[in-house]
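Trainee:
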Amino acid sequence: MSTSTAHKEKNKHLSANDSLQNFSNQVFNIRRMLIEQFSRIEKDLQNKFTDNQEKFATKEELQSVIGKMQEFRQEIEKTFTTSESNPLEPAADEFFTGLNPFNLRRKYHEFSLRLRSEEVDPFGYDPIFDKFVSPLLNFFYIKYWRVETYGISNIPSEGPALLVGNHSGGLPYDATMLKMAIQREHHMHRDLRFMVEDFLFHFPFLGSLMNRFGGVRASQDNAQQLLENNHPVIVFPEGVKGLGKLYRDKYHLARFGRGGFIRLCLRTRSPLIPVAFIGPEEIHPMIAKETSISRILGLPYTPITWTFPWLGPLGALPLPSKWSIHILPPIDFTNFGPGAEKDRVLVYKMSRMVKEQIQDTIVDKLKNRRSIWFG
Amino acid sequence: MENIQIHERIGLTGASSFLTTLVLKRLAELSTVKEVHIFDIHSPSVASSKFIFHRVDLTKDEASAEIASTLLENNVTAFIHGSLFSGPTRRKSYHHEVESIGTFHILNAIAEAQIKKLIVHSATFVYGAHPKNPNFIHENYELKFQGPSFVKTRVDVEKQLEDFILNYPECAVTILRFAPILGPNSTNIRARYFMSGIVPKVLGYDPLVQFIHEDDAVRAQIIALTNNIKGVFNIVGRGILPLSTGVHMSGKIPVPFFSALCKTFFSAGYATRIWELPSEIVPFFQFLCVADGKKAETELGFTAKYSSRQALKSMIEANRLRQIGFSVPSSTLGEDEAYATSQGFQRIY
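So the protein sequences, as listed, match chains F and P. Numbering-wise, full-length UniProt numbering puts 209 at position 209 of the first sequence, and it's gapless, one number per residue. Numbering-wise, full-length UniProt numbering puts 170 at position 170 of the second sequence, and it's gapless, one number per residue.
1. Under 8 Å, Cβ to Cβ, is there at least one residue of chain P near F:Gly-214?
2. How is P:Ala-123 classed by DSSP in three states: helix, strand or coil?
3. Assign F:Ile-358 to one of three DSSP states: helix, strand, or coil.
4. In three-state DSSP terms, what is P:Asn-234?
5. Taking the CB atoms as reference points, tell me whether P:Thr-174 and P:Ile-229 lie closer together than 8 Å.
6. Identify each residue in the region 120-138 of chain F for which the Cβ-Cβ distance to at least one residue of chain P is less than 7 Å, and report them in chain order.
7. Give me the Cα-Cα distance between P:Val-33 and P:Ser-48, rounded to the nearest whole angstrom.
8. Report, in whole angstroms, the separation of the C-beta atoms of P:Leu-84 and P:Glu-99, which I expect to be a contact under 8 Å.
9. For the region 14-99 of chain P, list the alpha helix (DSSP H) runs that are entirely contained and at least 4 residues long, ordered along the chain.
10. What are the uninterrupted segments assigned as beta strand (DSSP E) that are 3 or more residues long and contained completely in the region 183-220 of chain P, given in chain order?
11. Which runs of the alpha helix (DSSP H), 4 residues or longer, sit entirely within the region 117-174 of chain F?
12. Consult DSSP for P:Ile-324 and reduce its assignment to one of helix, strand or coil.
13. Assuming P:His-37 contacts P:Val-76 (C-beta within less than 8 Å), just tell me the rounded distance between them.
14. Against chain F, does P:Gly-14 count as a neighbour if the rule is that its beta carbon must be under 8 Å from one of theirs?
15. For the region 197-214 of chain P, which residues have a CB atom closer than 9 Å to at least one CB atom of chain F, in sequence order?
16. Cβ atoms of P:Thr-124 and P:Ala-179: under 8 Å apart, would you say?
17. Given a cut-off of 8 Å on the beta-carbon distance, is the pair P:Gly-301 and P:Ile-223 in contact?
18. By the DSSP assignment, the alpha helix (DSSP H) with P:Ile-6 in it spans what residues?
19. Taking buried to mean at least 16 other C-beta atoms within 10 Å of its own C-beta, is P:Asn-319 buried or exposed?
20. Could you please tell me which residues of the region 300-331 of chain P, in chain order, have their CB closer than 8 Å to any CB of chain A?
21. On a CA-only basis, which of F:Lys-78, F:Gln-46 and F:Gly-67 is nearest F:Val-27? Give me that one, please.
22. Pick helix, strand or coil for F:Asn-335, following the three-state DSSP scheme.
23. Can you name, in chain order, every residue of its own chain whose Cβ lies under 8 Å from the Cβ of P:His-42, other than the five neighbours on each side?
24. Could you give the distance in angstroms between the alpha-carbon of F:Arg-217 and the alpha-carbon of P:Lys-132?
25. F:Glu-94: which of F:Met-210, F:Leu-115, F:Pro-303 and F:Ile-76 sits nearest, CA to CA?
26. For F:Phe-123 and P:Cys-262, what's the separation of their Cα atoms in angstroms?
27. Below 8 Å, how does it come out for the region 337-356 of chain F and the region 249-264 of chain F: are there three or more Cβ pairs, yes or no?
28. Could you give the distance in angstroms between the alpha-carbon of F:Val-147 and the alpha-carbon of F:Asp-249?
29. Please go through the same chain and pick out, in chain order, the residues whose beta-carbon is closer than 7 Å to the beta-carbon of residue 383 of chain F, but skip the five residues on each side of it.
30. Taking buried to mean at least 16 other C-beta atoms within 10 Å of its own C-beta, is P:Tyr-94 buried or exposed?
31. Taking the straight line between their C-alpha atoms, what separation do you get for F:Ala-161 and F:Val-233?
32. Going along the chain, which residues of its own chain have a beta-carbon closer than 7 Å to the beta-carbon of P:Leu-71, five neighbours each way excluded?
33. Residues bridged to P:Ser-307 by DSSP?
34. From the DSSP output, in three-state form, read off P:Ile-137 for me.
35. Closer than 8 Å, Cβ to any Cβ of chain P: which residues of the region 102-120 of chain F, in chain order?
36. Does the distance from the C-beta atom of P:Ser-183 to that of P:Met-315 stay below 8 Å?
Structural data, given as structure tokens:
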């Protein structure tokens, strides 16, 4: 069935060859449509397979169908995309072929330039760098934290969206995993942007790393500009208070700022999507905060976990808890009039509502969780 | 097109600065301009029958009166204040005197002569490089009196101008905040960074940087002169690039320093003249200082022709040619002539 549609589309292209612009548009639209449809069918089957609801087929039969679907999908991807392979492998080969002390410097610069995009996005996001780190993040997503994402279809396929989540875990691991989830499982494979706390930009490596990967310094201006450019953005209204949560306060949301995220939505008319993360609050079980010595060093505090200062840098590794990400239905903001963001009562009440919604979801999901490590 | 304004007689300071020299070249070609009165201590390197040179030392107390009397005598209608530096210089106290006291005198003279139009060449470094900066800084971002001394001096200048705008609303003041100007002829601090054989950098920091091509900068200045629009505008090139991409484009060897030791190393190298990068510039290699050019696009009608990457590329290419003896003609040697000549720049008269 699917092959015949693909052939039809191809024939259509041949006949409509007169205008190049039209043609490329058509290819793009058809490609998008096909991919959308395929991922929908695939997901459906996957759901049926996991729930084992379908009684007419055995597991093996379903498996084979899924396998076939994936083959078709790859075929279609191959026919419709231009030859764009992983940029790293040929680059690495090229780096070592014909290498001698005299062209070392030139090769080094060429190699480094190949690992980055020609021009980065205005906010510093570099798609080639993103591809470069994705194997590692895939490992974390699939093997290490075994992330399960629910309600991915609540994220719109185009236009801005403001995601609001509970924050924890020192570095923005949660935002990174949500980004991976959207990149892997959303049918439009959108690139999520996340807000990074100010203090990360004071440290070497972290700030620029996060920046190339899609992180932007947390500020109202930046979030608004990203939303105006139709990006999905995740913000953590808990901020540093969320990161500095002690283990005994886990899953208790800290104060939700001054409702800046509600004002942002009212201003840009973008939908607000609450997100509940289960699992990241246990990756760094912080039992205490050390303040007196770190004050002298100019840091706000040093976290003390079961492992951290004792095992050295090894202790800074996050623990392998089982994660699940619950994306809740969007809240619409298009019906509010202009100047609604100046209504303090409205902003406060909306902010409370979102916080309670996330908190309730967390409590609800924790009820059904048997183990921190195995879900 | 009711905004277009014709100024026949123009006053100008800072004739030997890089941007102003290029602007003078354009003014010499413009047929609408009849006279350009230049107030400076050195005569300009561009020659034209339109130029009338007045030797004025902006750091002296007589400067205000001298400039005012000349402006009144000659019926000057517009003034370009270009005697502001493009970055830190070796003579710190002189730098402060020229920028801060010089602006004071010029504003005095303009108030006295009732000039209708003032254009100031500022730079985006007034916002300062700080980890708390937003990704795109708007014109109305509050200037903070902090950071290295050249930033503080410029903030002081901008504060004076703010005060002037409040008290003399009849004078249309246009402040152009240029991103670092790069191009085949530029010798400012950002250009010097990519010129030396070894490029020092701060370990683990890779900020986004933004440049503007010299042709675009001149064009923006001429647009500001001919349009009757006042306000503050960021004049920046299209797009941004990470600093390390720039280093790889230049093909020089990057040498990373630990951020804690950076200031010491940079100032040591500067004092011994190993490189021309003072420690004051270090935060600009660590943190963001990128301005938003949208306002200039909508209100001033200026769009950059070159992207930041193209500006940098043109500078690097001209530099490579210069090293093998192809001199790219340049009318100006910038603020540090000795350095520019040592790098192979030749002045074409």
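We treat Cβ as the ideally placed atom computed from N, Cα and C, and that holds for glycine.
Mentor: Reading it off the structure:
1. no
2. strand
3. helix
4. strand
5. yes
6. Val-120, Pro-122, Phe-123 and Gly-124
7. 12 Å
8. 6 Å
9. 18-29, 63-73 and 92-96
10. 198-202
11. 127-139
12. coil
13. 6 Å
14. no
15. Val-202, Leu-203, Gly-204, Tyr-205, Asp-206, Pro-207 and Leu-208
16. yes
17. yes
18. Run containing P:Ile-6: none; DSSP gives neither H nor E here.
19. buried
20. Given the protein chain composition of this structure (F and P), no chain A is represented.
21. F:Lys-78
22. coil
23. Ala-15 and Ser-16
24. 8 Å
25. F:Leu-115
26. 26 Å
27. yes
28. 23 Å
29. This structure gives no information on residue 383 of chain F, because the portion of chain F shown stretches from 1 to 375.
30. exposed
31. 6 Å
32. Gly-11, Ala-109, Ala-113 and Ile-115
33. P:Arg-238
34. strand
35. Arg-105, Arg-106, His-109, Ser-112, Leu-113, Arg-116, Glu-118, Glu-119 and Val-120
36. Residue identity check: residue 183 of chain P is Gly in the sequence provided, not Ser. Yes, these two residues count as a Cβ contact at 8 Å.
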